[in-house]
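A.B. asks:
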Amino acid sequence: SFLTVSCLFAFYEYVRQNSFNRMQEMSQKFERQAMRDPLSGLLNRRGMREKLQQEFERSQRYKIDLTVMMCDIDNFKTINDRYGHDKGDEIIKSLGTIFNTGLRKQDSLARWGDEEYLFLLPETNTDQGMQLAEILRNRIEKQQYTHNKEKFSITISIGVHQIAATDTINQAITK
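In our numbering, the protein residues as written are 1 to 175.
This is the structure in structure tokens:
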């Protein structure tokens, strides 16, 4: 009977540990999903807020520059109305990819709203942010999309703000 109890206990422990590991994996998966926009794969507001808080505290502590950029697709409603929501979704995904190729490893990008993107640029001042904004704006303007053999391009508007020591995070992203 001792051998039987030992075997049952070992089996129970194996099942318990396996269940615990699966629950941890699922929890981590759901946590990642909660931080990401399902369409673009970029960070969402929740995910970016964590990064904003971390970088804001770091910039305050070490007195380093921190810049945010807010980007908006111009006339996105017209694009959706004219070419359809599937084409709009394609554009949202495409912009995320184009934006990411222009960023450094320490920079962060989030889909902030329907057609809005928020960039977090640590150790970046306003002039550097403006240079990046112009590079990205030009790349997007040159990108061609096709719908029913019709070619078209889009434009974006980007606002740049270097976070001051007296700013709060909410002030920084609304300026």
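Every residue, glycine too, gets a C-beta built ideally from N, C-alpha and C.
In this text, all values refer to a predicted model and were calculated from it rather than measured experimentally.
(1) By DSSP, does isoleucine 73 sit in helix, in strand, or in coil?
(2) Pick from Lys87, Val68, Met70: whose alpha carbon is nearest that of phenylalanine 179?
(3) Using a Cβ-based criterion (distance less than 6 Å to any ligand heavy atom), does arginine 16 qualify as near the ligand GDP?
(4) Would you identify the three-state DSSP class for lysine 151, choosing helix, strand or coil?
(5) Do glycine 96 and leucine 136 count as a contact pair if the criterion is CB distance below 7 Å?
(6) Looking at the strands, I want to know which residues DSSP matches up with alanine 110.
(7) In three-state DSSP terms, what is glutamine 162?
(8) Counting along the chain, where does the alpha helix (DSSP H) carrying glycine 84 start and finish?
(9) Pick helix, strand or coil for serine 94, following the three-state DSSP scheme.
(10) Quick one: Cα of threonine 4 to Cα of tyrosine 12, how far?
(11) Given a cut-off of 7 Å, decide if glutamine 171 and asparagine 125 are closer than it, judged by their beta-carbon atoms.
(12) Answer with buried or exposed for valine 68, where buried requires no fewer than 16 other C-beta atoms within 10 angstroms of its C-beta.
(13) Where does leucine 104 fall in DSSP's three states?
(14) For my contact list, leucine 132 and methionine 48 are in at a C-beta cut-off of 8 Å; report their separation, rounded to the angstrom.
(15) Apply the 10 Å Cβ neighbour rule to arginine 58 and answer buried if 16 or more other Cβ atoms are within range, or exposed otherwise.
(16) Whose C-beta lies closer than 6 Å to the C-beta of arginine 139 among residues of the same chain, with five residues either side of it excluded?
(17) The alpha helix (DSSP H) that contains isoleucine 140, what's its start and end?
(18) Once the 5 residues before and after cysteine 71 are set aside, which same chain residues still bring their CB inside 6 Å of it?
C.D. replies: Judging by the given coordinates:
(1) strand
(2) This structure cannot settle anything about residue 179, because the visible part of the chain is limited to 1 through 175.
(3) This structure lacks the ligand GDP, and indeed carries no ligand of any kind.
(4) strand
(5) no
(6) Leu43, Leu118
(7) strand
(8) Per DSSP, glycine 84 belongs to no alpha helix (DSSP H) and is neither H nor E.
(9) helix
(10) 12 Å
(11) no
(12) buried
(13) Rather than leucine, the amino acid found at residue 104 in this sequence is arginine. The answer is coil: DSSP assigns arginine 104 none of H, G, I, E or B.
(14) Actually they are not in contact, since the Cβ atoms of leucine 132 and methionine 48 sit about 17 Å apart, beyond 8 Å.
(15) exposed
(16) Ile98
(17) 126–142
(18) Tyr117, Ile156, Ile158
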